[in-house]
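*Asks:* If you scroll down you'll find the structure; I have some questions about it.
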Amino acid sequence: MVDLHTHTTASDGSLAPRELIREAARRGVRVLAITDHDSTDGLTEALDEAARHPPMRLVPGIEINCDVEGGEIHILGYLLDYEIQWFQEFCRAQRAERAVRVRRIAARLAELGMPIDAKEVFDLVKEGSAGRPHIAQVMVSRGYVKSVREAFDRYLHAGGPAHVPRKKLVPADAVAVVRKAQGVPVLAHPGLARKDELIPGLVQAGLMGIECYYQEHSAGQTAAYLQMCKDLALVATGGSDFHGPHIGRTNAMGTPHVPLAVYDALLAKAREARGGA
Ligand code: AMP
Ligand code: ZN
Ligand code: FE
Ligand code: FE
């Protein structure tokens with residue numbers, strides 16, 4: 420099995436990197452990418468654990484979320500030189516902005532009559548990358564909503580009453596950052612983003628792939644994005660967006676099925692990204 424989109428406690432996943440790798444091994448996942456939001460901090464521990472489960476391959480990755488007019492675009496980055504200093508500084512700045520955003524969303528929630536303590540959110544986040552799912556969990560524990568999903572559906576979705584958009588980074592910049600780090604930038608779950616009109620511009624900016632296989636894509640959407648990849652010479656990737664239990668999204672690891680050939684195609688793109696052929 421191949422799964423190129425998962426999250427750990429380094430961002431808003433509920434399994435620690437080591438636990439995630441063990442779960443992947445149990446489920447028979449052979450190629451796994453960890454794509455935490457604005458963080459690669461889970462990778463050291465995950466690589467160590469993955470080495471204990473041959474023939475598992477761990478693909479280093481990242482997910483960078485950007486807000487655009489009327490929605491959001493998530494850019495995945497694979498096989499990048501994540502240890503270089505400027506890239507880690509970029510991630511740190513992104514996480515600092517996320518912490519500021521938590522406080523701004525908390526202020527918005529207070530105005531809506533649902534005060535939360537930002538400290539409660541940061542207690543959940545620990546050393547990780549703060550995101551709306553952490554806020555949603557605090558909203559559940561306060562009894563404002565029954566589930567993380569309800570918190571998103573009613574308040575936290577893009578354009579929702581408690582949503583505070585990020586401004587700094589546009590998707591083309593996220594693509595450029597991944598390319599600069601010698602990685603392969605891929606548009607995440609375009610069926611959720613519903614911003615296909617932005618794809619040509621992103622390709623211009625250096626986008627190299629589209630996440631075609633995704634649980635919430637219809638068969639028609641998957642087919643359409645696969646065709647788009649063929650037409651534009653992009654790599655078609657896929658993954659579960661697994662976040663572990665109790666965190667809103669409920670996709671199981673290893674779903675939907677992603678062909679093993681996707682991994683070879685990704686490796687080929689990575690060579691291309693590094694200037695090879
Ligand atoms: P943020 O990092 O603050 O942009 O939050 C993005 C994360 O929120 C995504 O990676 C998902 O884990 C989660 N998310 C987004 N929309 C929903 C939703 N409708 N239900 C549950 N979780 C969601
Ligand atoms: Zn997430
Ligand atoms: Fe995403
Ligand atoms: Fe994700």
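If you're matching positions, the sequence shown starts at 420 in our numbering and goes up one per residue.
The beta-carbon is built from N, C-alpha and C at its ideal position, and this holds for glycine as well.
Remember, predicted model here, so these are calculated numbers, not experimental data.
#1: Going by DSSP, which residues form a beta bridge with A655?
#2: Kindly indicate which residue of M420, L611, A593 and R613 has the alpha-carbon position closest to the one of L621.
#3: Taking the alpha helix (DSSP H) that P552 belongs to, which residues open and close that run?
#4: Taking Cβ positions, are V564 and I554 nearer each other than 7 Å?
#5: When burial is assigned at 16 or more other CB atoms within 10 Å of the CB, is T428 buried or exposed?
#6: Checking 7 Å against the spacing of the C-beta atoms, do H576 and G610 come in under that value?
#7: Pairs of beta-carbons, one from the region 497 to 513 and one from the region 426 to 446, closer than 8 Å: are there three or more?
#8: Could you spell out the range, first to last residue, of the alpha helix (DSSP H) harbouring V622?
#9: What did DSSP end up calling I453 once you bin it into helix, strand or coil?
#10: Once DSSP output is grouped into helix, strand and coil, what is the label at I535?
#11: Any chance the CB of P552 is under 6 Å from a heavy atom of ligand 1?
#12: When you compare the CB positions of A515 and A525, do they come within less than 7 Å of one another, or not?
*Replies:* Reading it off the structure:
#1: On the sequence shown, position 236 is the one that residue 655 refers to. Its beta-bridge partners are I629.
#2: Within the sequence shown, the letter at position 202 stands for residue 621. With distances taken between Cα atoms, L621 lies closest to A593.
#3: Here residue 552 is taken as the residue at index 133 of the sequence shown, counted from 1. It spans R551 to S560 - the alpha helix (DSSP H) in which P552 sits, taken as one unbroken run.
#4: If you number the sequence shown from 1, residue 564 lands on position 145. If you number the sequence shown from 1, residue 554 lands on position 135. No, these two residues do not count as a Cβ contact at 7 Å.
#5: The residue labelled residue 428 in the question sits at position 9 within the sequence shown. So T428 counts as buried.
#6: Working through the sequence shown from its first residue, we reach residue 576 at position 157. Working through the sequence shown from its first residue, we reach residue 610 at position 191. Going by C-beta atoms, H576 is not nearer than 7 Å to G610.
#7: no
#8: Numbered from its first residue, the sequence shown carries residue 622 at position 203. Where V622 is concerned, the enclosing alpha helix (DSSP H) stretches over I618 to Q623.
#9: For the purposes of this step, residue 453 is taken as the residue at position 34 of the sequence shown. Strand, per DSSP.
#10: As a working note, residue 535 is residue 116 in the sequence shown. In this structure, I535 counts as coil in the three-state DSSP scheme.
#11: The residue given as residue 552 occupies position 133 in the sequence shown. Yes, the beta carbon of P552 sits closer than 6 Å to at least one heavy atom of ligand 1.
#12: What you label residue 515 is simply residue 96 of the sequence shown in a count that begins at 1. What you label residue 525 is simply residue 106 of the sequence shown in a count that begins at 1. No, the Cβ-Cβ distance between A515 and A525 is not below 7 Å.
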